[in-house]
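One structure is given here, and the rest of the page talks about it.
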Ligand code: IVH
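Residue numbers (the numbering used here): 7 to 706.
The structure is reproduced here in structure tokens:
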């Protein structure tokens, strides 16, 4: 074949495949069979492989993504990518419409109501009809270039049907069904489709993005010089004609229904047509239709239809004055991020923390919120000064849900420092996290001590974080071993606040700690990924002594245990054999700590909960921390689940039980109170002398 013929064939294949992709992913109607599509695709791929010079940026083969890693350089937007003014009641939206109509007396105004897609905002830049760049919203002026990843989204046209130069705003989203399926298979599930979509757009390898069936709805177009259309409906029509996926659930409102019908007809669009008086009813209807949609929406957007009028109304720094978002749910709370700094954990892991103005949320005042790692911050595109909506995940841990208003100081997305804030050693990145490279970083040493002594581990009373910090800074204790060798009474007269009573109490607590069960000793070692859950699994699967663990546990054997993945298994095995850990274990053995499971002690109880799964929530009078209640359940044959589902046998609910209690009630799961639990387990002893009043008889 002559070169011109090959070139011609490549063009032909590209055009055909782009058309088939568009009909399948945008209009939802397949034009050819999968087999035929794959045949044409393979033919084009092999031509491009042989003649790379024939590869074009709009080739359908570019959608499969690449294994090359890419970062996301910051780029300047050529349009201001602003947000929307928002309302939380339909009444506010109606008032907005009234205000607009009053102020625009000389012109007949109309409005378009669209769905507010709950996804990830994106701007697609096209030059002469070819996708040149896809950029995240960022701070509205500067965003991240995520072109390679966005190209893998089939609903994003790589080439338009006309050689137009324009910027298009849209929302990348993941359909609910795909979210449920994908999320189930993830080790660390996402809270909602929006977060999964945002995480996917920021995958380092575009081949990873390609595996997630993201889609996009486009809702605004900005042409290079001025918009060549009279109204928004015609812009939407044009976007459709150019090959974009446009949400078909739209409504048009005019003074009369007939005028609205005429406008929709004129633009060649389908939708609901109504008079201004119909807006309230339509908002109501759309709110009740919301659960039946195949994708998530978090509200509706009412927009002035006439472009000339939009230009007259203009913009604030934050939003256009010609549109208003109606949000279905008011955020639980909003706060301004005053600062972001980092904390150094006991493993050296660096955790960014958002410092917010004191904000009340479900009964507590929140000042600090963890941001986990740089990827998390990037997904939110969070900068200092931004306003954020915050929630309490699982009713306990406060989390930043999303940025509701960008800062007006021009701050761009927060970046991790390059040095440890405590010891100034360089930070190194492993996976999603950054770590301090210095094993003797004071923050790490203090963190290890704190973790070891904390309630959930050795539970050494009197050695809380503040005391540890003071004793470490004064040079009394540095390592875990020091806790067992230090002469506590020597602090009397040397340190204020350390009298005989306090030091003797610490001494007693240290002696008690020596008796802690083997599983707690294992958790207290502070091995990453080897927390209570993993320890239970490992011990229950035969590794019930330190010697067995050290001599017999391999990555293969541990990862064969259901619930322990290969990454966790490797962490455990590697960390157990680190010199520092081996020294610690051998010293703890010398101090007399339990190095094996004492079966007699654990299993003397009747197995009344055998075969039952229990979830524990809330706070308890007799079980502090509440893990102690779970220990009692397990002693009696029950298993632990961390969330309530229809399969859960019982929920043990203490004071202030939140969403888990509600869920259990709605699913008909048996709810057990602390008092009932004490009776069921026999931990409650009747005191005859008090005339039948009951007294708990707990823990020996
Ligand atoms: S219009 C100037 N229309 O909501 C145009 N935005 O909370 C402003 N969004 O940043 C946006 N669906 O990411 C518009 N139908 C829709 C939308 C929509 C979702 C997002 C968009 C925006 C955010 C504001």
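Just so you know, even glycine gets a beta-carbon here, dropped at the ideal spot from N, CA and C.
What do you get for residue 315, buried or exposed, if any count of 16 or more other CB atoms within 10 angstroms of its CB means buried? Looking up residue 315 in the chain shown gives position 309. Residue environment for residue 315: buried (at least 16 other C-beta atoms within 10 angstroms of its C-beta).
Quick check for students: name the residue ranges of the beta strand (DSSP E) that lie wholly in the stretch 563 to 587, counting only runs of 3 or more. You should have found no qualifying run.
For the pair the stretch 264 to 278 and the stretch 160 to 167, tell me if three or more CB-CB distances fall below 8 Å. Pairwise C-beta distances place the stretch 264 to 278 out of contact with the stretch 160 to 167, as fewer than three of them are shorter than 8 Å.
Could you check whether the stretch 390 to 398 touches the stretch 348 to 355, counting it as contact only if at least three pairs of C-beta atoms, one from each stretch, sit closer than 8 Å? Between the stretch 390 to 398 and the stretch 348 to 355, the count of Cβ pairs shorter than 8 Å is below three; the stretches do not touch.
Please tell me whether, using a cut-off of 7 Å, the distance from the CB of residue 301 to the nearest non-hydrogen atom of the ligand IVH is below it. Locating residue 301 in the chain shown gives position 295, counting from the first residue. No - the ligand IVH has no heavy atom lying nearer than 7 Å to the Cβ of residue 301.
Less than 7 Å separating the Cβ of residue 123 from some heavy atom of the ligand MG? Of the ligands this structure carries, namely the ligand IVH, none is the ligand MG.
For residue 142, which of helix, strand or coil comes out of DSSP? Locating residue 142 in the chain shown gives position 136, where the first residue counts as 1. Judged by DSSP in its simplified three-state form, residue 142 adopts strand.
Proximity of residue 89 and residue 260 at Cβ, strictly below 8 Å: Here residue 89 refers to the residue found at position 83 of the chain shown. Here residue 260 refers to the residue found at position 254 of the chain shown. No, the pair does not count as a contact, with Cβ atoms beyond the cut-off.
Reducing DSSP to helix, strand and coil, say where residue 47 ends up. Taking the chain shown and counting its residues from 1, one reaches residue 47 at position 41. In the structure shown, residue 47 sits in a helix (DSSP, three-state: H, G or I).
Does the Cβ-Cβ distance between residue 19 and residue 46 come in under 8 Å? Start at 1 with the first residue of the chain shown, and residue 19 comes out as number 13. Start at 1 with the first residue of the chain shown, and residue 46 comes out as number 40. Yes.
State the beta-bridge partners of residue 366 as determined by DSSP. On the chain shown, residue 366 is found 360 positions in, with the first residue counted as 1. Note: residue 366 sits in a beta bridge opposite 371.
Three Cβ pairs or more, each shorter than 8 Å: is that satisfied between the stretch 280 to 288 and the stretch 99 to 110? The stretch 280 to 288 vs the stretch 99 to 110: in contact.
What alpha helix (DSSP H) runs, 4 residues minimum, are completely inside the stretch 448 to 518? Every alpha helix (DSSP H) of 4 residues or more that sits fully in the stretch 448 to 518 is shown, in chain order, as 448 to 459, 471 to 479 and 486 to 491.
Tell me the start and end of each unbroken beta strand (DSSP E) in the stretch 183 to 245 that is at least 3 residues and wholly inside, in chain order. Within the stretch 183 to 245, the complete beta strand (DSSP E) runs of at least 3 residues are 221 to 229.
I need the straight-line Cα distance from residue 215 to residue 228, nearest angstrom please. As a position in the chain shown, residue 215 is number 209, starting the count at 1. As a position in the chain shown, residue 228 is number 222, starting the count at 1. Per the coordinates, the alpha-carbon of residue 215 lies some 27 Å from the alpha-carbon of residue 228.
Extent of the continuous beta strand (DSSP E) run through residue 340: Translated into positions along the chain shown, residue 340 becomes position 334. That run of the beta strand (DSSP E) goes 339 to 350.
When you measure from the CB of residue 395 to every non-hydrogen atom of the ligand IVH, does any distance come out below 7 Å? For the purposes of this step, residue 395 is taken as the residue at position 389 of the chain shown. Within 7 Å of the C-beta of residue 395 there is not a single heavy atom belonging to the ligand IVH.
Neighbourhood of residue 252 by C-beta, 8 Å cutoff - its chain only, sequence neighbours within 5 removed: In the chain shown, the residue the question calls residue 252 occupies position 246. If we look at residue 252 and ignore the five residues flanking it on each side, its Cβ neighbours are 223, 224, 225, 242, 245 and 246.
Nearer than 7 Å: is that true of the beta carbon of residue 411 relative to any heavy atom of the ligand IVH? Here residue 411 corresponds to residue number 405 of the chain shown, with the count starting at 1. Not so, every heavy atom of the ligand IVH lies at least 7 Å from the Cβ.
Would you call residue 407 buried or exposed, if buried means 16 or more other Cβ atoms sit within 10 Å of its Cβ? Reading the chain shown from its first residue, position 401 is the one you call residue 407. Residue 407 comes out buried.
From the DSSP output, which residues share a beta bridge with residue 393? Here residue 393 refers to the residue found at position 387 of the chain shown. 342 and 411, per the DSSP bridge assignment.
Residues sharing a beta bridge with residue 713, DSSP: There is no way to answer for residue 713, as the model of the chain reaches only from 7 to 706.
Around the C-beta of residue 636, are 16 or more other C-beta atoms found within 10 angstroms, so that it is buried, or is it exposed? Translated into the one-based positions of the chain shown, residue 636 becomes position 630. Result: buried.
Out of 563, 555 and 560, which one is the CA nearest neighbour of residue 588? As a working mapping, residue 588 is identified with position 582 in the chain shown. The residue among 563, 555 and 560 with its C-alpha nearest the C-alpha of residue 588 is 555.
Can you find the residues in the same chain that come closer than 7 Å, C-beta to C-beta, to residue 195, ignoring five residues on each side of it along the sequence? The sequence position of residue 195 within the chain shown is 189, counting from 1. 189, listed in sequence order.
For residue 459, tell me which candidate among 569, 409, 522 and 233 has the shortest Cα-Cα distance. Residue 459 sits at position 453 when you count from the first residue of the chain shown. Shortest Cα-Cα distance from residue 459 to any of 569, 409, 522 and 233 involves 522.
List the whole-angstrom C-beta distance separating residue 121 from residue 255, where the pair is believed to meet the contact cut-off of C-beta under 8 Å. Sequence index remark: in the chain shown, residue 121 carries index 115 (1-based). Sequence index remark: in the chain shown, residue 255 carries index 249 (1-based). So it is a contact: roughly 5 Å between Cβ atoms.
Residues in the same chain with beta-carbon distance under 7 Å from residue 537, minus the five sequence neighbours each way, listed in chain order, please. Counting from 1 along the chain shown, the entry for residue 537 is found at position 531. Contacts found: 529.
Starting from residue 85 and walking both ways along the beta strand (DSSP E), at which residues does that stretch end? The sequence position of residue 85 within the chain shown is 79, counting from 1. Note, residue 85: premise wrong, no beta strand (DSSP E); not H, not E.
List the whole-angstrom C-beta distance separating residue 599 from residue 520, where the pair is believed to meet the contact cut-off of C-beta under 8 Å. Numbered from 1 along the chain shown, position 593 holds the residue referred to as residue 599. Numbered from 1 along the chain shown, position 514 holds the residue referred to as residue 520. For residue 599 against residue 520, the beta-carbon gap comes to about 6 Å, under 8 Å, which counts as contact.
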